[in-house]
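The sequence shown begins at 3 in the numbering used here and counts up by one.
Written below as structure tokens is the structure these notes are about.
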Amino acid sequence: MFIDTVRFGKVEIDENKIINFREGIPGLETYKRFAILQFDGSYPIIWLQSTEDKSICLPVIDSFLVLPDYSFDISDEEVRQLSLAGPEDLKIISVLVIPEIIERMTVNLAAPIVINTKNSSAMQVILNNGEYNVRFPIFQDVMRLVKEDKADAGTI
């Protein structure tokens with residue numbers, strides 16, 4: 003299937019890989035279906051693109067690339083809503099804020115997006131424990147990951 007996007011033009015996506023947010027994303031509740039887009043040269047940033055509105059596209063990052071020991075509990079109700087069988091079925095991403103001054107880039111670790119990779123259901127979980135910041139500075143981490151990726155590109 004092809005979708006139109008403001009940022010990337012017309013993009014082909016596998017319809018079986020569309021992520022479904024039953025309740026939408028807070029602030030974007032109207033939009034339920036998203037695709038994860040990843041392009042050469044954009045690592046470690048990936049894009050959560052609405053399939054319903056071409057202008058809705060959120061930069062996101064694998065939360066464990068930011069903090070390898072990132073952990074939190076989700077409620078039994080959240081486990082039920084996502085039909086989770088176990089942690090091996092999870093992908094955790096976090097929304098980035100990329101301001102005009104890119105060095106001020108932050109990531110919201112206090113509200114991760116939890117994806118069940120088996121059934122493509124997802125939800126944004128709001129963590130109320132105060133352990134993680136909604137504006138965690140990430141520019142240096144992103145630059146480190148970019149350098150590591152470029153160094154790995156030359157290895158076999």
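For glycine and all other residues, C-beta sits at the position ideal for the given N, C-alpha and C.
Note that the structure is a prediction, hence the values are computed from the model and not measured.
CB contact below 8 Å: residue i versus chain C
i, result
"Ile38", "Looking for chain C here will not work: only one protein chain is present."
Residue i versus residue j: straight-line alpha-carbon distance, rounded
i, j, result
"Ala37", "Asp16", "9 Å"
"Ile5", "Glu14", "6 Å"
"Ile58", "Leu39", "13 Å"
"Ser44", "Met145", "11 Å"
"Arg9", "Thr108", "20 Å"
"Lys12", "Ile48", "17 Å"
"Ala56", "Met3", "Residue identity differs from the one stated: residue 56 is Lys in this sequence, not Ala. About 14 Å."
"Glu31", "Pro114", "16 Å"
"Arg24", "Asp78", "17 Å"
"Gln51", "Leu60", "6 Å"
"Thr53", "Tyr33", "8 Å"
"Asp143", "Thr7", "28 Å"
"Ile112", "Glu102", "Here residue 112 turns out to be Ala, not Ile, going by the sequence shown. Rounded to the nearest angstrom, the two C-alpha atoms are 23 Å apart."
"Ser85", "Phe41", "29 Å"
"Phe138", "Arg35", "27 Å"
Terminal residues of the alpha helix (DSSP H) in which residue i lies
i, result
"Gln83", "Asp78 to Leu84"
Top-ranked residue by Cα proximity to residue i, from the options
i, options, result
"Glu105", "Phe141, Lys12 and Val68", "Phe141"
"Lys120", "Glu90, Glu79 and Gln126", "Glu90"
"Asn118", "Thr108, Gly132 and Val127", "Val127"
"Lys152", "Pro46, Asn110 and Glu79", "Pro46"
"Val148", "Asp78, Leu67 and Ile20", "Leu67"
"Ser73", "Pro61, Arg35, Glu79 and Tyr134", "Tyr134"
"Pro28", "Asn110, Ile103 and Glu150", "Asn110"
"Ile20", "Asp71, Ser122 and Val81", "Ser122"
"Gly26", "Leu129, Gln83 and Ala87", "Gln83"
Anticipated Cβ contact below 8 Å, residue i with residue j, distance rounded
i, j, result
"Asp64", "Ile95", "6 Å"
"Ile76", "Val136", "That belief does not hold up - the Cβ atoms of Ile76 and Val136 are roughly 18 Å apart, past 8 Å."
"Asn18", "Ala124", "About 15 Å; that fails the 8 Å criterion."
Where the beta strand (DSSP E) through residue i begins and ends
i, result
"Asp6", "Phe4 to Thr7"
"Ser122", "No beta strand (DSSP E) holds Ser122; DSSP gives it neither H nor E."
"Lys93", "Leu92 to Val99"
**Request:** Run through the segment 43 to 74 for me and flag every whole alpha helix (DSSP H) of 4 or more residues, listed as ranges in chain order.
**Result:** 65 to 68, all fully within the segment 43 to 74.
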